[in-house]
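In the numbering used here, the protein residues as written are 1 to 153.
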């Protein structure tokens, strides 16, 4: 069984939701599949076969936080030297894949989210919490840790 590893995001009134294939024990967005039949190896008669269904894990950041997928760094320098993973610098640029609903500042005022799903951003080098979701690296960052929005003109 192969599961897609691509991440998709959907927008909702509260912001984006990060979705990806999840584990079978998670019962979100599942539907029963009709049983299939195949010939038995021993008898040749048709017998029902279990069919796996896909489940999806949704990740929605809380408060004034965003989920960012870091952009890959170059593996080869301009002079042609191949860099091992240990020699690469930590990325500081990424793409926003999910946005929280916003939060409140120290004075209790509502903080609106200025970022949206799909934005390319620069963030502080050691900011956020790193995690892996389906073998892909992601960061959960506070909106305040994002330094700039990258705009292509």
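Heads up, the beta-carbon is just placed ideally off N, CA and C, and yes, glycines get one too.
Item                                                                                                                              : Value
Same chain only: Cβ atoms within 6 Å of residue 146, ignoring 5 sequence neighbours per side                                      : 121, 123
Run of the beta strand (DSSP E) containing residue 94, from where it starts to where it stops                                     : 93 to 99
Pairwise C-alpha distance: residue 109 and residue 79                                                                             : 51 Å
Residue closest to residue 70, alpha-carbon to alpha-carbon, out of 117, 77, 136                                                  : 136
For residue 120: DSSP bridge partner residues                                                                                     : 95, 150
C-alpha gap between residue 142 and residue 82, whole angstroms                                                                   : 33 Å
Residue 119 versus 102, 94, 60, 75, residue with shortest Cα-Cα distance                                                          : 94
Span of the beta strand (DSSP E) around residue 65                                                                                : 65 to 70
Close-in-space but distant-in-sequence residues of the same chain around residue 112 (CB under 6 Å, 5 per side omitted)           : 102
Assigned secondary structure, residue 26 (DSSP; H/G/I helix, E/B strand, else coil)                                               : Note on residue 26: pLDDT 46, under 50, position unreliable in the model; the coordinate value appears next. Correct three-state label for residue 26: coil.
Residue 139 - containing beta strand (DSSP E), residue span                                                                       : 136 to 142
Exposed unless 16 or more other CB atoms sit within 10 angstroms - verdict on residue 63                                          : exposed
Chain-order list of residues whose beta-carbon lies under 7 Å from that of residue 104 (same chain, five-residue window excluded) : 110, 111
Residue 129 - partner residues in DSSP beta bridges                                                                               : 140
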